[in-house]
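Undergrad: For reference, each letter of the sequence shown is one residue, going 1 to 106 in full-length UniProt numbering. Even for Gly, the Cβ is constructed at its ideal location relative to N, Cα and C. Keep in mind that this is a model prediction, so the values were computed, not measured. Let me give you the structure first, and then I'll get to my questions.
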Amino acid sequence: MSYTKANYREVDELGGGLHFMRDVLETERLGFTVLECDPNWTGKAHDHAEEDHEEVYFLVSGDATLVVEGEKIPLETGDAVRVSPEDTRQFRNGDTESFVVVAGSP
1 MSYTKANYRE
11 VDELGGGLHF
21 MRDVLETERL
31 GFTVLECDPN
41 WTGKAHDHAE
51 EDHEEVYFLV
61 SGDATLVVEG
71 EKIPLETGDA
81 VRVSPEDTRQ
91 FRNGDTESFV
101 VVAGSP
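Here is the structure:
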């Protein structure tokens with residue numbers, strides 16, 4: 001059995017509290033991101049059509065909105081949303097700090 005262990009706090013933070021874990025965990029097909037959001041933080045609108053990879057956004061704590069193809073989906077703690085590769089998505093944090101996990105794969 002083989003495994004890789006890492007703590008997101010030991011991974012360089014990119015703009016807005018993004019911690020991309022794929023490289024440190026040495027995953028081959030799974031993207032795994034930890035996101036610590038300040039109040040009212042807004043992520044970049046994007047899709048993953050070229051990579052053909054879907055994503056699941058899981059709100060661990062806080063409140064936020066995920067905008068998928070222009071539709072605003074309110075999120076509460078414990079909510080998870082799957083987004084198809086070709087759909088444009090944008091994460092928008094609410095008025096409090098939030099903690100989000102994003103997993104994606106082809």
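1. With distance defined between alpha-carbon atoms, name the residue in Leu75, Thr77, Lys5, Val68 nearest to Val83.
2. Let me know the secondary structure DSSP gives Asp63 once reduced to three states.
3. Suppose contacts are defined by Cβ-Cβ distances below 8 Å. Is Leu25 in contact with Ala6 by that definition?
4. Identify, in the order they occur along the chain, each residue of the same chain with its Cβ nearer than 7 Å to the Cβ of residue 142, setting aside the five sequence neighbours on each side.
5. Is the distance from the Cβ of Thr88 to the Cβ of Leu75 below 8 Å?
TA: According to the structure data:
1. Indexing the sequence shown from 1 puts residue 83 at position 83. The candidate whose alpha carbon is nearest that of Val83 is Val68.
2. Reading the sequence shown from its first residue, position 63 is the one you call residue 63. Look at Asp63 here: in three-state DSSP terms it is strand.
3. For the purposes of this step, residue 25 is taken as the residue at position 25 of the sequence shown. For the purposes of this step, residue 6 is taken as the residue at position 6 of the sequence shown. In contact: Leu25 and Ala6 (Cβ atoms closer than 8 Å).
4. The requested residue 142 is not part of the displayed model; the chain covers only 1 to 106.
5. For the purposes of this step, residue 88 is taken as the residue at position 88 of the sequence shown. For the purposes of this step, residue 75 is taken as the residue at position 75 of the sequence shown. No, these two residues do not count as a Cβ contact at 8 Å.
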